[in-house]
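Accompanying notes for the structure given below.
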Amino acid sequence: MLPNKNIQNLKPYMSIPHDIWNFENYDNVLKLDWNEATINPSPKVFEHIYQFLNSGKLNWYPNTKNIELLRALSLYTKQDSEDYIEIFGSSDVAHENIIDVFLEKNSIVCIISPTYDNFRARANGVGIKTINFMLDKNFELDFDELNNFLKQKKVDFLYICNPNNPTGVCYDNNKLEQLIVNNPKVMFLVDEAYYEFCKKSVQNLVKNCKNLIITRTFSKAFALASFRIGYVISHVDNIRSINKLRNSKNISMLSQIAALAALKDVEYVDKFVEQVATSRKLFLKDIKAFDIRACEQTEANFVLLSMKNMQEVINYLKQNKIFIRNYNHIIPGYCRITIGTVEQMRCLLDKLKEFYER
1 MLPNKNIQNL
11 KPYMSIPHDI
21 WNFENYDNVL
31 KLDWNEATIN
41 PSPKVFEHIY
51 QFLNSGKLNW
61 YPNTKNIELL
71 RALSLYTKQD
81 SEDYIEIFGS
91 SDVAHENIID
101 VFLEKNSIVC
111 IISPTYDNFR
121 ARANGVGIKT
131 INFMLDKNFE
141 LDFDELNNFL
151 KQKKVDFLYI
161 CNPNNPTGVC
171 YDNNKLEQLI
181 VNNPKVMFLV
191 DEAYYEFCKK
201 SVQNLVKNCK
211 NLIITRTFSK
221 AFALASFRIG
231 YVISHVDNIR
241 SINKLRNSKN
251 ISMLSQIAAL
261 AALKDVEYVD
271 KFVEQVATSR
281 KLFLKDIKAF
291 DIRACEQTEA
301 NFVLLSMKNM
311 QEVINYLKQN
321 KIFIRNYNHI
331 IPGYCRITIG
341 TVEQMRCLLD
351 KLKEFYER
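The UniProt record's numbering applies: residue 1 is where the sequence shown begins, and numbers increase by one.
Take a look at the structure:
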């Protein structure tokens, strides 16, 4: 039996080999390819995980309604109650649920592009066609043109990543809010995976705008990528609909404990975010010595770069246990580099200098 026609014709999401896991020794490996935090999570995470492992409750199914975690998230996101929040085993899983709940085969789905491609792949994989609204040559978004586009194409659903991945550009928050309010028949999915690095959000609209869903993750600033946990912020009615299909057993207890512990130490996250902002500024200044062009508007923990001999650079860095992301398949001639601490970025700069001075 063959896969269904949607899968046969699908352009797959282009992930990359995770070669880092093939090392026997992870010492001196600098992972700058998947935008995870480049440091370990808060010590509180380790403390709470150890406590749970010692409790001997690994044979139980996870908590299917973790009120403590939901309340912590409602406080963190400044919502009136936990009814505006739901937890998922990553924001990717949340996107899959949202597609299943809110989209029909004939839905007109618009994606602000170029961007994170997993949502497109999932929608196309279940037979839903998507159309792109392209950023301009400077990776900026023309909101007036977008507003007209939504009306002309009779768009039902819009996916926008803010800050955008892979550009790092954070769109004008007031204009985004106005777009959402002025288009009540369009469902907006705002992917705020990198919210902590820019602190700009449309979360204040959730209570009064039923046409808004926000997704976030603990994989970036909170340094919990291995745990795979994220969450949705939306109107209570949307959360009820989402829960009709959501499998509440699919968020491991270890993930829930790690997320709650991390929320108890937001100061730790904020300090890391400050480090990233400092090292990003220095890095953008220092790479000019190598004739490397960058998307300098980035407000996230990564930078989109264009450089000479890009694939040779990527290979050279890999030989030296430094991993960066080739984005040539989405934006020809560009790669993306995760921003870490000042010390980590100096290591990268040293290797770039070695390469260009050979």
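Note that beta-carbon positions come from the ideal geometry of N, C-alpha and C, so glycine has one too.
Predicted model, so just to flag it, every value in this text is computed and none were measured.
### Query
What does a CB cutoff of less than 8 Å around Asn-6 pick up in its chain, not counting 5 residues either side in sequence?
Taking the sequence shown and counting its residues from 1, the one referred to as residue 6 is at position 6. Same-chain partners within the cutoff: Asn-124, Gly-125, Val-126 and Gly-127.
### Message
Rounded to the nearest angstrom, what separates Ser-74 and Tyr-84 at their Cα positions?
### Response
If you number the sequence shown from 1, residue 74 lands on position 74. If you number the sequence shown from 1, residue 84 lands on position 84. About 7 Å.
### Query
For Ile-112, which beta-bridge partners are listed by DSSP?
Within the sequence shown, numbered from 1, the residue matching residue 112 stands at position 112. Its beta-bridge partners are Phe-133.
### Bridge-paired residues (DSSP) for Glu-86
Here residue 86 is taken as the residue at index 86 of the sequence shown, counted from 1. Answer is Val-232, bridged to Glu-86.
### Query
Under 7 Å between the Cβ atoms of Arg-120 and Ile-111?
As a working note, residue 120 is residue 120 in the sequence shown. As a working note, residue 111 is residue 111 in the sequence shown. Result yes, Cβ atoms of Arg-120 and Ile-111 sit closer than 7 Å.
### Query
For Cys-161, which of helix, strand or coil comes out of DSSP?
Numbered from 1 along the sequence shown, position 161 holds the residue referred to as residue 161. Of the three classes helix, strand and coil, the one that applies to Cys-161 here is strand, per DSSP.
### Query
Where does the unbroken beta strand (DSSP E) through Met-187 begin, and where does it stop?
Position 187 of the sequence shown, counted from the first residue, corresponds to residue 187. 187 to 191 is the extent of the beta strand (DSSP E) around Met-187.
### Query
Taking only runs of the beta strand (DSSP E) that begin and end inside the region 26 to 83, which ones reach a length of at least 3 residues, in chain order?
30 to 32
### Inter-residue Cα distance where the pair is Gln-8 and Leu-282
As a first step, residue 8 must be located in the sequence shown, where it is residue number 8. As a first step, residue 282 must be located in the sequence shown, where it is residue number 282. If you take the alpha carbons of Gln-8 and Leu-282, they lie about 46 Å apart.
### Task
Indicate whether Phe-197 and Lys-175 have their beta-carbon atoms separated by less than 7 Å.
Walking along the sequence shown from the start, residue 197 turns up at place 197. Walking along the sequence shown from the start, residue 175 turns up at place 175. For Phe-197 and Lys-175, no; Cβs fall outside 7 Å.
### N- and C-terminal bounds of the beta strand (DSSP E) containing Ile-322
Position 322 of the sequence shown, counting from 1, holds the residue named residue 322. It spans 322 to 326 - the beta strand (DSSP E) in which Ile-322 sits, taken as one unbroken run.
### Query
Would Pro-41 be called buried (16 or more neighbouring beta carbons within 10 Å of its own) or exposed?
Along the sequence shown, one-based indexing puts residue 41 at 41. Answer is buried; the Cβ neighbour count reaches 16.
### Query
Using DSSP with H/G/I as helix, E/B as strand and the rest coil, what is Ser-248?
By one-based count along the sequence shown, residue 248 stands at place 248. The answer is coil: DSSP assigns Ser-248 none of H, G, I, E or B.
#### Entry: Collapsed DSSP secondary structure at Tyr-195 in the structure displayed
Translated into the one-based positions of the sequence shown, residue 195 becomes position 195. Helix.
### Query
In the DSSP assignment, what residue or residues form a beta bridge with Ile-214?
Translated into the one-based positions of the sequence shown, residue 214 becomes position 214. DSSP, once it has assigned bridges, lists Val-190 and Ile-233 as partnering Ile-214.
#### Entry: Proximity winner among Ile-242, Val-101, Tyr-195 and Cys-295, relative to Pro-163 (alpha-carbon distances)
For the purposes of this step, residue 163 is taken as the residue at position 163 of the sequence shown. The residue with the shortest Cα to Cα distance from Pro-163 is Tyr-195.
### Query
With DSSP run on the structure shown, which of helix, strand or coil describes Val-303?
Sequence index remark: in the sequence shown, residue 303 carries index 303 (1-based). Strand.
### Task
Might you give, ordered along the chain, the residues of its own chain that have their beta carbon closer than 8 Å to the beta carbon of Glu-82, omitting 5 neighbours on each side?
Locating residue 82 in the sequence shown gives position 82, counting from the first residue. Cβ neighbours of Glu-82 beyond the five flanking positions: Ile-67, Leu-70, Arg-71, Leu-73 and Ser-74.
### Query
Is it buried or exposed for Gly-340, if we count other Cβ within 10 angstroms and need 16 for buried?
Residue numbering aside, residue 340 sits at position 340 when the sequence shown is read from its first letter. Gly-340 comes out buried.
### Query
How is Thr-167 classed by DSSP in three states: helix, strand or coil?
Locating residue 167 in the sequence shown gives position 167, where the first residue counts as 1. Thr-167: coil per DSSP, three-state reduction.
### Task
Determine the DSSP secondary structure at Arg-336, reduced to helix, strand or coil.
In the sequence shown, residue 336 corresponds to position 336, counting from 1. It is a strand residue.
#### Entry: According to DSSP, residues forming a beta bridge with Ala-294
Position 294 of the sequence shown holds residue 294. DSSP, once it has assigned bridges, lists Leu-305 as partnering Ala-294.
### Query
Taking the continuous alpha helix (DSSP H) assigned at Thr-278, which residues delimit it?
Residue 278 sits at position 278 when you count from the first residue of the sequence shown. Run containing Thr-278: 266 to 286, per the alpha helix (DSSP H) assignment.
### Query
Can at least three beta-carbon pairs, one atom from the region 237 to 256 and one from the region 271 to 280, be found at a separation below 8 Å?
no
### Neighbourhood of Asp-291 by C-beta, 8 Å cutoff - its chain only, sequence neighbours within 5 removed
Here residue 291 corresponds to residue number 291 of the sequence shown, with the count starting at 1. Here the set comprises Met-307 and Lys-308.
### Message
Going by C-alpha to C-alpha distance, which of Thr-298, Asp-92 and Asn-106 sits closest to Arg-336?
### Response
Along the sequence shown, read from residue 1 onward, the residue named residue 336 stands at position 336. Arg-336 has its Cα closest to that of Thr-298, out of Thr-298, Asp-92 and Asn-106.
### Task
May I ask you to report which of helix, strand or coil DSSP gives Gly-125?
Within the sequence shown, the letter at position 125 stands for residue 125. Helix at Gly-125.
#### Entry: For Met-1, the first and last residue of its enclosing alpha helix (DSSP H)
Here residue 1 refers to the residue found at position 1 of the sequence shown. It is not in any alpha helix (DSSP H) - Met-1 carries neither H nor E in the DSSP assignment.
### Task
State whether the region 148 to 160 contacts the region 91 to 110, with contact taken as three or more CB pairs (one from each stretch) at a distance under 8 Å.
yes
### Query
Under 7 Å, do Val-186 and Val-202 count as touching if we go by C-beta distance?
Taking the first residue of the sequence shown as 1, we reach residue 186 at position 186. Taking the first residue of the sequence shown as 1, we reach residue 202 at position 202. Cβ atoms of Val-186 and Val-202: not closer than 7 Å.
### Query
Is the Cβ-Cβ distance between Ser-91 and Ala-193 less than 7 Å?
Here residue 91 refers to the residue found at position 91 of the sequence shown. Here residue 193 refers to the residue found at position 193 of the sequence shown. Closer than 7 Å, so yes.
### Distance between Ala-294 and Leu-284 (C-alpha atoms, nearest Å)
Looking up residue 284 in the sequence shown gives position 284. Looking up residue 294 in the sequence shown gives position 294. Answer to the nearest angstrom: the Cα atoms are 7 Å apart.
### Query
Can you tell me whether DSSP reads Val-181 as helix, strand or coil?
By one-based count along the sequence shown, residue 181 stands at place 181. Helix.
### Task
For Ala-289, count neighbouring Cβ atoms within 10 angstroms of its own Cβ and tell me buried if that reaches 16, exposed if not.
Translated into positions along the sequence shown, residue 289 becomes position 289. Exposed, by the Cβ-count rule.
### Message
Within 7 Å of any Cβ in chain B, is that where the Cβ of Asn-301 sits?
### Response
The structure shown contains no chain B; it holds only a single protein chain.
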